[in-house]
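**Student:** Read in the UniProt record's numbering, the sequence shown has 45 at position 45, and its numbers run on one by one without any break.
Attaching a single structure in structure tokens format; questions to follow.
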Amino acid sequence: MSNEDSLQLNFFVGDEKHTKRKHSYSNKRGTRIKQRKLEKRASKNNKHTTKDQETQHKHRTETSTELLNKAGETERHRNSDLNPPSLKRKQSEDSTAIPVKKERLENKVFISSLFRFNPEIPSVKRSAVPSKTEEVFSSKFFKDLDLHPFMITNLEERLQITQMTNVQQRAIPPILNGQDVMVKSQTGSGKTLTFAVPVVQHLQSITPKITRMDGVHALVIVPTRELVLQCFETFRKLVNPFQWVVPGCLMGGEKRKSEKARLRKGMNILVCTPGRLLDHIKNTNSLSLSKVKWLVLDEADRMLDLGYEKDVGEIVNALDSDTHRQTILLSATLTEGVERLAGISLTDPLRIDISNMEEENPSVEVVSSTVQEKNENFVVPGKLKQSFVITPCKLRLVTLTAFLLLKMKMVKNPGKMVVFLSTQDSVEFHYKLMNHFFGGEEADDNPNFAEEGDLDFFKLHGEMPQKERTKVFQEFSSAKTGVLFCTDVASRGLDLPDVRWIVQYTTPGAVQDYIHRVGRTARVGKQGHALLFIMPAEVEYLKSLTSHGICIEEIKMADILKTLIIAVQDMVTDLDRKKTPPKTYEESATYMQLCFENYVVEDNKMSDIARKAFQSFIRAYATYPSNLKTIFHVKNLHLGHLAKSFGLREAPGSINDKRGKPQNHGRKNKLKQERFGSKRSDPRISQFSSLAVSEFSSGLSHGRLPKKKH
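Here is the structure:
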């Protein structure tokens with residue numbers, strides 16, 4: 001046969017699997033689908049085995065030096081929480097390390113870095129602003145006035161006061177002449193003695209001598225309880241040579257029964273708050289105001305801020321209109337509201353503004369009653385140095401701590417410091433936290449810091465009992481050094497001696513509030529300092545300060561945080577175990593923040609206080625006036641970063657308790673269940689109740705009937 005006619009046959013002999021598979025499912029239904037699934041599983045297992053073999057081969061080829069390097073990297077990442085972010089970046093660039101995210105996800109603990117993902121701190125250009133200041137002291141002395149010799153001797157020997165301030169020099173003579181006076185002067189300029197000296201002078205000159213049973217002749221109204229105590233103490237010292245003149249006080253928080261007993265005994269000078277005085281006018285028969293000849297309204301702008309305008313109007317109406325009465329109104333700022341209050345109580349007043357006084361002509365000047373608040377340049381003490389620091393949310397707490405230690409622990413004769421906060425819960429949190437780590441009362445319970453050089457901390461806010469508020473006010477006033485955490489209850493009129501630093505940890509709203517806060521220092525010609533904390537989104541607030549003639553300088557945050565390098569070295573635990581203690585301010589700040597966070601996490605009570613402070617801060621932040629909403633808006637806050645400033649690792653909305661269970665917020669439902677019984681009832685009771693619905697029921701059915709199928 002030829003090649004063309006030949007046949008070529010190709011036979012394929014397959015595997016046994018294929019041949020068997022062809023006939024295995026021929027007579028069985030569904031076996032083909034099952035077989036496909038089995039083949040897919042087998043192919044997956046083959047892929048995993050090949051991958052495992054490849055990884056084993058790679059691990060065999062790795063040298064011992066590479067394994068040691070990986071082990072070193074894992075060691076560094078375990079201790080990375082105490083390293084600053086700069087070191088972490090270098091480590092990640094030098095070698096490929098095992099990621100830490102898997103370990104954190106397993107442990108469910110998230111500790112973010114303090115120095116990463118912070119907003120950029122803007123640079124603020126310093127603008128030269130002509131500040132408006134007042135000269136406090138004048139060239140006149142109290143002995144130049146027509147006062148009783150015993151009064152002059154008492155002022156010079158007991159109160160150590162000889163020279164008059166400008167406001168005293170200009171206002172006391174017309175007050176002695178019986179004229180209504182409206183005074184505007186900076187805080188700390190001696191306004192209390194401006195009205196107290198003429199009142200006592202008039203009362204001691206009455207013949208025959210008055211007695212306590214003659215009733216109230218002088219009525220002094222102030223906005224806060226602390227101011228009541230301060231004014232009462234001033235009158236008590238002034239009447240020391242004139243024992244027949246009796247001062248007294250009324251204020252909220254005290255027992256009405258004891259106050260009524262004092263009123264029955266009688267008093268000639270009554271210092272009080274508006275609310276409590278109005279309550280006694282309506283309910284106490286022994287209080288008679290028919291002989292009142294002097295009415296003093298001190299800190300009038302603060303009374304308006306607290307909503308006392310209506311109460312003051314009712315008090316003025318309760319006074320006898322037939323008797324001739326002299327009225328004195330004093331305020332650090334003159335607004336339209338103060339003018340309106342003056343119209344209620346004063347008749348043809350002499351208006352005195354110390355800021356408009358010319359040094360060459362110290363005579364009394366009449367100031368126009370129209371007040372242009374928007375363009376007004378506020379007056380600050382001449383020896384007050386003002387500054388600000390820009391801090392991101394995360395770093396606020398450690399920056400405040402560093403500043404407290406810098407000015408109160410590392411300086412000889414530091415004096416006293418007042419820290420203003422926005423809410424009462426925030427005062428409680430910072431007081432307990434600082435007292436735990438740096439205070440003398442709880443130093444025995446806290447082993448972290450040395451006991452040498454402990455600081456004295458105080459707190460003051462409106463929700464404290466009156467006895468405790470009075471005790472704190474007196475203790476802080478008499479202390480040589482200490483730190484007072486307070487709300488704006490201490491921002492008006494209080495004369496706290498030797499206060500050298502005012503720290504505004506939360507930014508005030510109106511510029512007037514800023515003026516009153518910084519007015520707690522640099523009083524009566526002494527040196528004083530003020531520091532304002534602002535966040536990067538709040539920098540525009542500085543322009544509103546400068547537009548009102550307030551000159552303020554910047555302090556760099558890094559310069560303050562460097563204090564922590566020394567402060568952390570004083571810690572007596574944990575540093576001995578570490579080979580290298582923190583050397584940079586980033587490491588020190590991170591370590592300090594971890595100490596705060598661990599304390600808050602481990603102490604359930606402190607954790608609750610921190611959460612309340614966080615929430616109250618947000619509520620207070622939402623209450624800024626409408627003209628400042630563009631600067632202070634809740635949307636500008638990063639809640640996670642803000643939580644770090646309260647020692648919290650997460651925002652309270654996602655925080656669980658120590659055991660990991662979510663918090664139970666249904667307290668009302670729980671109380672209802674305890675009162676009316678649980679919602680889940682006994683199944684047997686529900687079964688019989690369902691049977692009792694129908695009188696034709698046989699009693700043999702099982703509660704619910706099955707649903708019909710349509």
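All residues carry an ideal CB built from backbone N, CA and C; glycine is no exception.
Among the residues of its own chain, which have a CB less than 6 Å from the CB of Arg-340, if the five just before and after it don't count?
**Tutor:** Hits under 6 Å: none found.
**Student:** Between the Cα of Val-419 and those of Leu-484, Ser-547, Ile-566, spot the shortest distance and give me the residue it belongs to.
**Tutor:** The residue with the shortest Cα to Cα distance from Val-419 is Leu-484.
**Student:** Could you pull out every residue in the same chain whose Cβ sits closer than 7 Å to the Cβ of Arg-517, ignoring the five residues on either side in sequence?
**Tutor:** So the list reads Phe-420, Ser-491, Ile-502, Gln-504, Pro-508, once near-sequence residues are dropped.
**Student:** Do you know offhand how far Arg-523's Cα is from Glu-650's?
**Tutor:** Rounded to whole angstroms, Arg-523 to Glu-650 spans 42 Å at the Cα level.
**Student:** With a CB to CB cut of under 7 Å and the five nearest residues on each side skipped, what residues in its chain are close to Asp-495?
**Tutor:** Cβ neighbours of Asp-495 beyond the five flanking positions: Gln-230, Arg-523.
**Student:** Who are Trp-294's beta bridge partners in DSSP?
**Tutor:** The partner list for Trp-294 (beta bridge, DSSP) reads Ala-218, Gln-326.
**Student:** Suppose you measure from the CA of Lys-125 to the CA of Pro-497; what does that come to, to the nearest Å?
**Tutor:** One C-alpha to the other measures close to 35 Å.
**Student:** Are the beta-carbon atoms of Val-167 and Ile-354 separated by less than 7 Å?
**Tutor:** The answer is yes: Cβ separation under 7 Å.
**Student:** Using beta carbons (cut-off 7 Å, strictly below), is His-516 in contact with chain C?
**Tutor:** Among the chains of the structure shown, chain C does not appear; only one protein chain is present.
**Student:** Can you list, in chain order, the residues of its chain with a C-beta nearer than 6 Å to that of Val-568? Leave out the 5 residues immediately preceding and following it.
**Tutor:** These residues qualify, in order along the chain: Pro-582, Ser-588, Tyr-591.
**Student:** Would you say the region 234–249 touches the region 181–198, given that touching needs at least three Cβ pairs under 8 Å?
**Tutor:** With the cut-off at 8 Å, the region 234–249 and the region 181–198 touch.
**Student:** Roughly how many angstroms separate the alpha carbons of Lys-480 and Lys-635, rounded to a whole number?
**Tutor:** Their backbone Cα atoms lie some 42 Å apart in a straight line.
**Student:** Helix, strand or coil: how does DSSP classify Glu-309 here?
**Tutor:** Looking at Glu-309 - three-state DSSP - the assignment turns out to be helix.
**Student:** Ile-175 bridges to which residues according to DSSP?
**Tutor:** In DSSP, Ile-175 forms no bridge with anything.
**Student:** Between the beta-carbon of Phe-614 and the beta-carbon of Phe-646, is there less than 7 Å?
**Tutor:** Their beta carbons are under 7 Å apart, which means Phe-614 touches Phe-646 by this criterion.
**Student:** For the region 203–223 against the region 156–173, are there 3 or more C-beta pairs whose distance is under 8 Å?
**Tutor:** No, they do not touch.
**Student:** Using 10 angstroms around the beta-carbon of Ser-477, count the other beta-carbons present and answer buried if the total reaches 16, otherwise exposed.
**Tutor:** Per the 10 Å Cβ criterion, buried.
**Student:** Can you tell me whether Ala-42 is buried or exposed, with buried defined as 16 or more other CB within 10 angstroms of its CB?
**Tutor:** Its Cβ having fewer than 16 others within 10 Å, Ala-42 is exposed.
**Student:** State the beta-bridge partners of residue 711 as determined by DSSP.
**Tutor:** One cannot answer for residue 711 here, as it falls past the ends of the chain, which runs 1 to 710.
**Student:** Tell me which residues share the same chain as Ile-609 and place their Cβ nearer than 8 Å to its Cβ, disregarding the 5 neighbours each side in the sequence.
**Tutor:** Excluding residues within five positions, the ones whose Cβ falls inside 8 Å are Asp-425, Glu-428, Phe-429, Lys-432.
**Student:** Assuming Gly-248 contacts Met-267 under a Cβ cut-off of 8 Å, what Cβ separation, rounded to an integer in Å, is found between them?
**Tutor:** Contact flag correct, Cβ pair sits at about 3 Å.
**Student:** Distance, Cα to Cα, Arg-611 vs Leu-648?
**Tutor:** Straight-line Cα distance between these residues: approximately 8 Å.
**Student:** Over what stretch of residues does the beta strand (DSSP E) that includes Val-181 continue unbroken?
**Tutor:** That run of the beta strand (DSSP E) goes 181–184.
**Student:** Tell me the DSSP bridge mates of Met-417?
**Tutor:** Answer by DSSP bridge pairing, in chain order: Val-483, Trp-501.
**Student:** Can you tell me which of Ser-286, Thr-423, Phe-142, His-638 puts its alpha carbon nearest to the alpha carbon of Phe-617?
**Tutor:** Looking at the Cα atoms, Thr-423 is the closest of the given residues.
**Student:** With a CB to CB cut of under 6 Å and the five nearest residues on each side skipped, what residues in its chain are close to Gln-512?
**Tutor:** If we look at Gln-512 and ignore the five residues flanking it on each side, its Cβ neighbours are Thr-333.
**Student:** How about Gln-201 and Phe-242: do their beta carbons lie closer than 7 Å?
**Tutor:** The answer is no: Cβ separation not under 7 Å.
**Student:** Which value, in whole angstroms, describes the spacing of the CA atoms of Gln-593 and Thr-584?
**Tutor:** For Gln-593 and Thr-584, the distance between alpha carbons rounds to 14 Å.
**Student:** Would you kindly work out how many angstroms separate the C-alpha atoms of Phe-457 and Pro-119, rounded to a whole number?
**Tutor:** Rounded to whole angstroms, Phe-457 to Pro-119 spans 32 Å at the Cα level.
**Student:** Hey, is the region 410–417 in contact with the region 543–554, meaning 3+ C-beta pairs nearer than 8 Å?
**Tutor:** No, because fewer than three Cβ pairs between the region 410–417 and the region 543–554 fall closer than 8 Å, the two stretches do not touch.
**Student:** With respect to the alpha helix (DSSP H) encompassing Ala-490, which residues constitute its N-terminal and C-terminal limits?
**Tutor:** First-last for Ala-490: undefined, no H or E at that position.
**Student:** Tell whether a beta-carbon distance below 7 Å holds between Leu-219 and Leu-287.
**Tutor:** Not in contact: Leu-219 and Leu-287 (Cβ atoms no closer than 7 Å).
**Student:** May I ask which residues mark the beginning and end of the beta strand (DSSP E) holding Leu-494?
**Tutor:** Segment: none, Leu-494 is in no beta strand (DSSP E) and carries neither H nor E.
**Student:** Report the rounded CA-to-CA distance for Thr-207 versus Ser-547, giving the unit in angstroms.
**Tutor:** Their Cα atoms are separated by approximately 54 Å.
**Student:** Tell me whether the region 312–328 and the region 145–154 touch, counting them as touching only if at least three CB pairs, one residue from each stretch, are closer than 8 Å.
**Tutor:** Segments in contact, no.
**Student:** Given Lys-40, which residues of its chain have a CB within under 8 Å of its CB, disregarding the five upstream and five downstream residues?
**Tutor:** Nothing listed; no residue qualifies.
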